[in-house]
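K.L.:
Per the numbering used here, the sequence shown starts with residue 30, numbered consecutively.
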Amino acid sequence: MLLTPGAVPYAHWRAIYHGATPSLNPACRPVIAESAAAMARLPVSLSTKGAPERINRKLGAKVTHVASSPPRVPANSGGSAPG
């Protein structure tokens, strides 16, 4: 099954999903080689080594926890009346 970039019908994708062996249009080979050479000239990012070990950690900092909903039962301890 010959694939031409930008002109692959859905039926071809479906056949590939079901096990057909695709091949790329030979006219694409020079463009692929040029793209590969351009990618080889780019600097390698450290993110390709994986995520940092410690990310989004507070490391002992005091964090305020805010209630997402009010309490169902009011507190009944304390010396003064509410209001």
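Heads up, the beta-carbon is just placed ideally off N, CA and C, and yes, glycines get one too. Quantities reported herein were computed from a predicted structural model and do not represent experimental measurements.
(1) From Gly35, Tyr46 and Leu71, pick the residue whose C-alpha is nearest to that of Asn54; which is it?
(2) Classify Ser52 as helix, strand or coil using the three-state DSSP reduction.
(3) So, Ile45 versus Met30, is the Cβ gap smaller than 8 Å?
(4) Taking just the CA atoms, how far does Thr33 sit from Ala49?
P.N.:
Result, derived from the coordinates:
(1) Gly35
(2) strand
(3) yes
(4) 15 Å
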